[in-house]
Structure formats: structure tokens, C-alpha cells
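Asks: Would you mind keeping the following structure in view while I ask a few things?
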Amino acid sequence: MTSDGQGQDRVKAPYRWHHSLLLAIVTASLVLTMPGIAGSGARASPPPQPVEGPGGSAYAFDAVETSRSGNLPTGAWVFAPEGTSDVERGQMPVVLLLHGFGATDPQTYRGWISHLVRRGHIVIYPDYQPEGFLVFDQSTFVANMLAGLEQGLDKAGLEPETIHVVGHSLGAVMGAAYLRAGPLDDLPPVASLTLIAPGGCSTCGTTSGFGVPLPDDLAAPEELLVNIVV
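See the structure below:
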């Protein structure tokens with residue numbers, strides 16, 4: 011624990027988490043920190059952030075350290091609590107955060123990322139696609155995601171036993187695809203799966219022809235924590 015020179019300790023609280031609470035932490039941070047999910051129309055004032063609890067402001071860390079590995083579309087951003095050692099980071103839960111279509115710039119999800127990291131998580135944010143919205147071929151997205159995750163883990167020097175997958179929009183479909191694709195590529199299995207407003211499955215319903223395919227027989231393990239926000 012160090013001081014910032016003004017009498018404030020940089021590490022304010024322990025960052026040990028029980029996995030039974032992690033899904034609640036991830037869900038609260040996503041729902042409470044990303045504006046505009048509810049759509050357009052009259053803007054309501056959000057409730058104030060509580061001090062304690064999964065969405066609380068009693069952060070263990072003050073700042074986020076950002077690093078980059080690889081190039082579009084197979085690279086990734088890595089976010090970790092600033093000033094922590096490799097040993098400390100090796101004990102932190104890893105979150106694979108999968109963005110919506112076109113959102114290769116992590117600034118869109120900065121509120122989510124900051125909250126998760128400051129509460130003691132490592133966040134890996136793969137590109138998985140070229141920059142922009144004029145991307146008409148999505149056939150390589152899953153392979154790109156896996157390559158980005160692998161680069162991110164290597165960059166951070168991490169070998170987690172499991173990871174927590176959070177996806178938004180097309181990223182939610184990508185998260186579901188990871189259930190099978192990740193372990194087949196010798197990447198960590200999923201400890202929890204949180205899908206926010208899923209959309210963009212090329213083999214599902216009216217979105218056929220756009221997005222990424224999901225196997226017809228895809229199923230989550232019975233013991234897996236799955237949360238879907240629509």
C-alpha cells in the first residue's frame with residue numbers, strides 16, 4: 011500500500027472476491043455505468059452510486075493502467091489496476107469484455123472498464139473486427155476474438171484457470187460462441203457468462219445473414235452462472 015503524497019492510500023480495500031459474488035459485481039457495473047442502454051426518449055436521472063455493494067464506489071484501487079497487444083483485428087487492450095505487481099494480478103479474476111459491432115475503441119465502455127478494474131479485476135478487450143461499421147464479412151470474428159484474448163493474456167502474463175465473459179450486442183453472441191470455441195482453442199473455460207442485449211447471430215431468426223453463427227446444439231454447462239440483460 012502506497013501514499014499519493016496527500017495522505018491518501020492508493021489501495022483502499024482488499025480485492026479478494028468470492029466467485030459467487032462476481033456475477034453480481036459484473037452485472038451491477040454494466041447496468042449502472044453504461045448510459046443510453048434503455049434507448050432514446052426522455053432522459054431520467056440515474057440513481058446515485060452507492061458507496062457499498064457490487065456497484066459501489068468503495069474501490070480497492072484508484073486508477074486504471076492501459077496496455078495494448080497486437081494490431082487490428084486480432085489484437086486486444088488490457089486494463090489492470092495501476093501499480094499492482096505481477097503476483098497481485100495473477101490472483102485477480104479476468105474478465106473478457108466483448109464489445110458491440112463497430113466499437114473497437116474501448117472508450118465506449120470506459121465506465122464499465124473503470125468500475126471492474128478498480129474493484130480488482132483484469133479486463134481484456136479484444137478488437138475482433140476491423141475498425142468502423144463497413145465490415146461486411148463477419149466470418150473471422152470468432153477466430154479474431156480468440157487471437158486477441160490469447161495476446162491479451164500473454165501481454166499481462168496471465169494463465170487463469172477460468173475467465174468471466176461479458177458481451178454486449180454482437181459481443182453477447184460472441185460470448186455465447188466462446189463457450190465452445192474457447193476451450194477448443196486451449197483457452198480458459200467460462201466461469202460466468204453475462205450477455206447484454208444480444209444481437210447479431212447469423213444462424214438465428216431474423217438476423218440471419220449478419221453476424222456470427224452459433225451451433226444448433228450449443229448449451230451452457232448446468233453449473234455455469236448465466237445472466238442475460240435485454
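All letters in the sequence shown, in the order written, are residues 11 to 240 by this note's numbering. We put the CB at the ideal spot given by N, CA and C, even for glycine. Remember, it's a predicted structure, so these values are computed and weren't measured experimentally.
(1) With a threshold of 7 Å on Cβ separation, who are the neighbours of Pro193 within its own chain once the five nearest residues in sequence on each side are excluded?
(2) Pull up the distance between the alpha-carbon of Phe151 and that of Glu160, whole angstroms please.
(3) Have a look at Leu144 and Glu62 and give me their C-alpha separation to the nearest angstrom.
(4) Apart from the five residues on each side of it in sequence, which residues of its chain come closer than 8 Å, Cβ to Cβ, to Met6?
(5) In whole angstroms, what is the alpha-carbon distance linking Thr204 and Glu233?
(6) Who are the Cβ neighbours of Cys214 in its own chain at under 7 Å, not counting the five residues just before and after it?
(7) Only counting the same chain, and skipping five residues up and downstream in sequence, which positions put a Cβ closer than 8 Å to that of Gly66?
(8) Considering only DSSP beta bridges, list what Tyr135 is partnered with.
(9) If you follow the beta strand (DSSP E) that Gly177 is in, where does it begin and where does it stop?
(10) Residues bridged to Ile123 by DSSP?
(11) Could you name the residues of the same chain whose beta carbon sits closer than 6 Å to that of Pro208, not counting the 5 residues immediately before and after it, in chain order?
(12) Quick check on Glu75: does DSSP put it in helix, strand or coil?
(13) Compute the Euclidean distance between the alpha carbons of Leu31 and Gly142, then round it to the nearest angstrom.
(14) Can you give me the Cβ contacts of Ser212 inside the same chain, cut-off strictly under 8 Å, excluding the 5 residues immediately before and after it?
(15) Does the distance from the C-beta atom of Gly110 to that of Leu180 stay below 8 Å?
(16) So, helix, strand or coil for Leu189, using DSSP?
Replies: Taking the coordinates as given:
(1) Start at 1 with the first residue of the sequence shown, and residue 193 comes out as number 183. These residues qualify, in order along the chain: Pro199.
(2) As a working note, residue 151 is residue 141 in the sequence shown. As a working note, residue 160 is residue 150 in the sequence shown. If you take the alpha carbons of Phe151 and Glu160, they lie about 14 Å apart.
(3) Counting from 1 along the sequence shown, the entry for residue 144 is found at position 134. Counting from 1 along the sequence shown, the entry for residue 62 is found at position 52. Spanning the two alpha carbons is a distance of roughly 42 Å.
(4) Given that the chain is displayed from residue 11 to residue 240, the structure contains no residue 6 and the question cannot be resolved.
(5) Locating residue 204 in the sequence shown gives position 194, where the first residue counts as 1. Locating residue 233 in the sequence shown gives position 223, where the first residue counts as 1. Rounded to whole angstroms, Thr204 to Glu233 spans 14 Å at the Cα level.
(6) The residue given as residue 214 occupies position 204 in the sequence shown. So the list reads Leu224, once near-sequence residues are dropped.
(7) Here residue 66 corresponds to residue number 56 of the sequence shown, with the count starting at 1. Answer for Gly66: Gln59, Pro60, listed in chain order.
(8) Mapped onto the sequence shown, residue 135 falls at position 125. Paired residue(s): Trp87.
(9) Position 167 of the sequence shown, counted from the first residue, corresponds to residue 177. Taken as a continuous stretch (DSSP letters only), the beta strand (DSSP E) holding Gly177 covers 173-178.
(10) On the sequence shown, residue 123 is found 113 positions in, with the first residue counted as 1. Answer is none; Ile123 lacks a bridge partner.
(11) Sequence index remark: in the sequence shown, residue 208 carries index 198 (1-based). Ala182, Val183, listed in sequence order.
(12) What you label residue 75 is simply residue 65 of the sequence shown in a count that begins at 1. The answer is strand: DSSP assigns Glu75 an E or B state.
(13) For the purposes of this step, residue 31 is taken as the residue at position 21 of the sequence shown. For the purposes of this step, residue 142 is taken as the residue at position 132 of the sequence shown. Residue placement at Leu31 is flagged as unreliable, the pLDDT there being 43, under the threshold of 50; the coordinate-derived value follows with that caveat. Whole-angstrom Cα-Cα distance: 35 Å.
(14) Walking along the sequence shown from the start, residue 212 turns up at place 202. Gln148, Ser218, Gly219, Phe220, Gly221, Val222, Pro223.
(15) Locating residue 110 in the sequence shown gives position 100, where the first residue counts as 1. Locating residue 180 in the sequence shown gives position 170, where the first residue counts as 1. Their beta carbons are under 8 Å apart, which means Gly110 touches Leu180 by this criterion.
(16) On the sequence shown, residue 189 is found 179 positions in, with the first residue counted as 1. Note: Leu189 maps to helix in three-state DSSP.
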